[in-house]
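> Residue numbers for the sequence shown follow this note's numbering, beginning at 54 and rising by one. Even for Gly, the Cβ is constructed at its ideal location relative to N, Cα and C. My questions will all concern the structure given below.
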Amino acid sequence: VDRVAGGRAHRPGAARALRRAGRTLGGLAHVRSLGELGAWCWEVGFGVGFAFGRVETPPPVRLPAQPTAATPRDA
């Protein structure tokens with residue numbers, strides 16, 4: 054049996070899928086506004102696409118160094 058973070062056993066299959074579906078629907082039950090509904094839909098869509106699309110985790114975004122203003126000492 055594979056282990057995941059926290060030492061729990063990783064058990065793929067129908068029971069896990071049902072548990073995940075229950076959590077997803079539980080999240081829908083807590084939606085209180087259209088904004089939260091939109092966020093919930095985006096999260097579910099991203100999760101499904103990520104799970105079934107086998108998308109690799111993208112590398113972190115690195116911002117270019119910001120230029121700094123010259124000070125009188127630098128001149």
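#1: Using DSSP with H/G/I as helix, E/B as strand and the rest coil, what is Gly66?
#2: Check Thr121 in the structure and name its three-state DSSP category.
#3: Check whether the Cβ atoms of Leu90 and Val84 lie closer than 8 Å to each other.
#4: Is it right to say Val54 is buried, meaning 16 or more other beta carbons lie within 10 angstroms of its own, or is it exposed?
So, from the listed chains and residues:
#1: Taking the sequence shown and counting its residues from 1, the one referred to as residue 66 is at position 13. The answer is coil: DSSP assigns Gly66 none of H, G, I, E or B.
#2: Against the sequence shown, residue 121 aligns to sequence position 68. Of the three classes helix, strand and coil, the one that applies to Thr121 here is coil, per DSSP.
#3: The count along the sequence shown starts at 1 and reaches residue 90 at position 37. The count along the sequence shown starts at 1 and reaches residue 84 at position 31. Taking 8 Å as the Cβ cut-off, Leu90 and Val84 qualify as a contacting pair.
#4: The count along the sequence shown starts at 1 and reaches residue 54 at position 1. Summary for Val54: the model assigns pLDDT 49, below 50, so the residue's position carries little reliability; its value from the coordinates is reported in the next sentence. Exposed is the call here.
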